[in-house]
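Position one of the sequence shown corresponds to residue 12 (the working numbering), numbered consecutively onward. Everything below concerns the one structure shown next.
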Amino acid sequence: MDVKNTGQERWTLKYPELGTGPVSIETAITQEQYDLERERIFKKMWLQACREDLIPNAGDYIVKDIEICDASIILIRDKEGAVRAFHNVCRHRCNKVLWDESGNCRAMTCKFHGWAYKLDGSLADVPDEDRFFDFKKEDHGLVPVAVDVWEGFVFINLDPSPKETLLEFLGELTDSLKGYPFDNLTKVFTYETEVNCNWKVVIDAFQEGYHVAYVHGKSLPDFSRDPALGHPQDVKLYERHTSFQQQSPEPGAHQTTPVEGLAFQYGVQIAGAISQVTTGDLEAQEKKSWGFMANRLFPNFFLDVLDGMYFTHEMLPLSPGKTLFRHKMYFPEAKSLSEHFSQEASKCVLRDAVLEDMSTLEHTQKGMEAGKLKAFILQDDEVVVRQFYKLVEDYTA
Ligand code: FES
Ligand SMILES: [Fe+2]
C-alpha cells in the first residue's frame, strides 16, 4: 500500500455524503436508543464470535454471551468437523445446557433433568421419554443460530433468517485483508474489562489517530514529538466497515529504548509505530507496508493488522452505560526465549497503549450524560467516527 497522504488529504471530500457538520449525540446513550440498537443492529448483523482454532476437535465448545440480546450461544465443533451454533437453552424447561465458558463434551447434557443433545444439536436422549405426550425427539433439537467462518473468524447471526451471507456482509473489506497470515499467528494474549460507558464510546477510542499524540504520550512518544503522524495515511469507508492506516515515523526517526533495542531484534516492533515493516508473508503481488491497518467491522469488532502480529478489540454492550471490552493480541508461537522476550515487550507496549485508551472513556460518558452538549464537533481525520454515528443513526432511525 503506497504512502500517499501528506496530512493534507481531505477525507470528507472523498466521502461528501457524510457532510462536515456537528454529529448529534442527543440520543446516543439513552435506554430507548440501546433498545433500538439491540433490535436493529445486534439481532440482525453478523457478529464476530471467536477464532475457529479455539475449538479444533469434535465436541470442543465455547459459550458466548451476547448480553444486549439476552442470548447465550453455544459454538461447538460437530463430528463432521463443522462449527455449529445453538441457543444455550434446553428445550425441556429452558435451563442453560452448557454452563462452562468452554470445554469438550461427547454430548450436550442438561444438568436439570438430563436431556442430552448430540453435537449437531439434535435431541438424543430423554429420561422417562415414554411419560411425555405426543412426543417426538426430532421435534426438539436445540434452536440453531446462523454461523459461518471467514479467515478463521467465526461469526454468528441471531436473526433466524439472516438477510445476507457473511461474505455479503463483509463485502469489500475481505479484499484488503486477503492473504494476511491469520492462521500462523496463534499465540494469544487476552485482556478484558468492564467499562462504565456506552459501547459506542469504546468504539470511538479506536477510530482515529488524532488522540495519539496526547493520550499515548507515554507509550508511543513518536506521536507527541510529531503530532502530524496522527493523520491517517489512508482511509477506506465501505458500506458498513472501515479500513484506515496510521502513518509510521520515518525510518530512523523512532528513538529506540534500550529494552526495545534488545527485544526487537527478535520479533515484531510495535513501539516504533509500528514501524516501517514490509511483509514477505502476504500472497499479494505488490509489497505492502502494513505499518498499522485498523479495520472496524460494524458493529462492534476491530481487526488491526501489523506485519508479524495482529490484535482485536471487541465491544460487548451490557447496558446503555456499561460495556465489556475484550482485547486480544495474536503473535506467532515463540520458538526461542529471545522471541518470547520480544513478544512480551511488544505485548506490554500495546497493553499500556490500550490502557491509555481506556483512561478517557468514563469521563466521556459522564460528559455525555450531563446532557449539556448535543453534538460532537469532528475534524476531517475523525471521518471514521462520523461514518460510525451515521451508520448507527441510519439503522436505528
Ligand atoms: S430443563 Fe433441561 S432437561 Fe429439564
Ligand atoms: Fe489510542
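Ideal Cβ placement from N, Cα and C applies to all residues, glycine included.
| field | Y202 versus H98, H324 and E175, residue with shortest Cα-Cα distance | value | Here the question's residue 202 lines up with position 191 in the sequence shown. If we check each option's Cα against that of Y202, H324 comes out closest.
| said: Cutting at 7 Å between CB atoms, please list the residues of its own chain near L335, excluding the five before and the five after it. | reply: Taking the first residue of the sequence shown as position 1, residue 335 is located at position 324. Only E203, E205, L327 and L329 meet the Cβ criterion.
| Quick one: what's got a C-beta closer than 7 Å to K358's C-beta in the same chain, skipping five residues either side? | In the sequence shown, residue 358 corresponds to position 347, counting from 1. Excluding residues within five positions, the ones whose Cβ falls inside 7 Å are F200 and M340.
| Cβ-Cβ separation, E367 to V212 (assumed contact under 8 Å), whole Å | Position 201 of the sequence shown, counted from the start, is the residue given in the question as residue 212. Position 356 of the sequence shown, counted from the start, is the residue given in the question as residue 367. Rounded, the Cβ-Cβ distance is 15 Å, inconsistent with contact.
| field | W110: CB within 8 Å of a non-hydrogen atom of ligand 1 | value | Looking up residue 110 in the sequence shown gives position 99. Remark: the shortest separation between the CB of W110 and any heavy atom of ligand 1 does not fall under 8 Å.
| query | Which one of W126, I85 and W110 has the shortest CA to CA distance from R104? | reply | Stepping through the sequence shown from its first residue, residue 104 is reached at position 93. When only C-alpha atoms are compared, the closest one is W126.
| request: Report the three-state DSSP secondary structure of H351 (helix, strand or coil). | output: Mapped onto the sequence shown, residue 351 falls at position 340. Here H351 sits in helix by DSSP.
| request: Note the first and the last residue of the continuous alpha helix (DSSP H) segment covering I214. | output: For the purposes of this step, residue 214 is taken as the residue at position 203 of the sequence shown. Counting along the chain, the unbroken alpha helix (DSSP H) around I214 starts and ends at W210 to D215.
| request: Give every residue of the same chain whose Cβ lies closer than 7 Å to the Cβ of T23, excluding the five residues on either side of it in the sequence, and list them in chain order. | output: As a position in the sequence shown, residue 23 is number 12, starting the count at 1. Spatial neighbours of T23 in its own chain (CB-CB distance under 7 Å, excluding positions within 5 residues in sequence) are listed in chain order as L29, T31, D391 and V394.
| message | Less than 8 Å separating the Cβ of G319 from some heavy atom of ligand 1? | response | Taking the sequence shown and counting its residues from 1, one reaches residue 319 at position 308. Look at G319: its beta carbon is at least 8 Å from all of the heavy atoms in ligand 1.
| query | Within 10 angstroms of its Cβ, does P260 collect 16 or more other Cβ (buried), or is it exposed? | reply | As a first step, residue 260 is located in the sequence shown; it is residue number 249 there, counting from the start. Within a 10 Å sphere around the beta-carbon of P260 sit 16 or more other beta-carbons, which makes this residue buried.
| field | Identity of the residues DSSP links to W161 by a beta bridge | value | Within the sequence shown, residue 161 is the residue found at index 150, counting from 1. Beta-bridge partners assigned by DSSP to W161: F164.
| field | Three-state secondary structure assigned by DSSP to V288 | value | Position 277 of the sequence shown, counting from 1, holds the residue named residue 288. With a pLDDT of 36 at V288, under the threshold of 50, the modelled position of this residue cannot be trusted, and the question is left open.
| said: Considering only heavy atoms of ligand 2, does any lie closer than 8 Å to the CB of D368? | reply: Position 357 of the sequence shown, counted from the first residue, corresponds to residue 368. Checking every heavy atom of ligand 2 against the Cβ of D368, one is found closer than 8 Å.
| message | Please identify the residue among A364, C80, M379 and F97 whose C-alpha is closest to the C-alpha of P232. | response | The sequence position of residue 232 within the sequence shown is 221, counting from 1. Here the closest residue by C-alpha is A364.
| field | Closest Cα partner of L384 within the set A39, L65 and K25 | value | As a working note, residue 384 is residue 373 in the sequence shown. Checking every option, the nearest Cα to that of L384 belongs to A39.
| message | With H, G and I counted as helix, E and B as strand and the rest as coil, what does DSSP make of W57? | response | As a first step, residue 57 must be located in the sequence shown, where it is residue number 46. W57 falls in the strand class under three-state DSSP.
| Three or more C-beta pairs below 8 Å linking the segment 92 to 112 and the segment 341 to 355 | With fewer than three CB-CB distances shorter than 8 Å, the segment 92 to 112 does not count as touching the segment 341 to 355.
| request: Say yes only if the C-beta of N106 is nearer than 8 Å to one or more non-hydrogen atoms of ligand 1, and no if none qualify. | output: Against the sequence shown, residue 106 aligns to sequence position 95. Using a cutoff of 8 Å, the CB of N106 counts as near ligand 1, since one of the ligand's heavy atoms is closer than that.
| What distance in whole Å lies between the Cβ atoms of I87 and L130, which are believed to be in contact at a cut-off of 8 Å? | Here the question's residue 130 lines up with position 119 in the sequence shown. Here the question's residue 87 lines up with position 76 in the sequence shown. Their Cβ separation, rounded to whole angstroms, is 6 Å, which keeps L130 and I87 in contact under 8 Å.
| query | Is the segment 150 to 167 touching the segment 209 to 224 in the sense that three or more CB pairs, one from each, lie closer than 8 Å? | reply | Per the Cβ contact rule, the segment 209 to 224 is not in contact with the segment 150 to 167 (fewer than 3 Cβ pairs under 8 Å).
| Is DSSP giving P27 helix, strand or coil here? | Taking the sequence shown and counting its residues from 1, one reaches residue 27 at position 16. DSSP places P27 in helix when its eight states are reduced to three.
| field | Per-residue burial, D315 [other beta carbons within 10 Å of its own, 16 or more giving buried] | value | Position 304 of the sequence shown, counted from the first residue, corresponds to residue 315. Per the 10 Å Cβ criterion, buried.
| request: Measure the Cβ-Cβ separation of Q257 and F303 and say whether it is below 9 Å. | output: Counted from its first residue, the sequence shown places residue 257 at position 246. Counted from its first residue, the sequence shown places residue 303 at position 292. The beta carbons of Q257 and F303 sit closer together than 9 Å.
| Buried versus exposed call for D318 [16 or more other C-beta atoms within 10 Å across all chains shown] | In the sequence shown, the residue the question calls residue 318 occupies position 307. Here D318 is buried: its Cβ has 16 or more other Cβ atoms, across all protein chains shown, within 10 Å.
| Comparing alpha-carbon positions, which option in R21, Q44 and D170 lies nearest E404? | Within the sequence shown, residue 404 is the residue found at index 393, counting from 1. Nearest neighbour of E404 by Cα position, chosen from R21, Q44 and D170, turns out to be Q44.
| field | Own chain partners of N68 with C-beta closer than 8 Å, once the 5 adjacent residues on each side are dropped | value | The count along the sequence shown starts at 1 and reaches residue 68 at position 57. R88 and N115, listed in sequence order.
| task | Have a look at D194 and W210 and give me their C-alpha separation to the nearest angstrom. | result | One-based indexing of the sequence shown puts residue 194 at position 183. One-based indexing of the sequence shown puts residue 210 at position 199. Roughly 29 Å separates the two Cα atoms.
| said: For D186, count the other beta carbons within 10 Å of its own beta carbon; 16 or more makes it buried, fewer makes it exposed. Which is it? | reply: Here residue 186 refers to the residue found at position 175 when the sequence shown is read from its first residue. Result: exposed.
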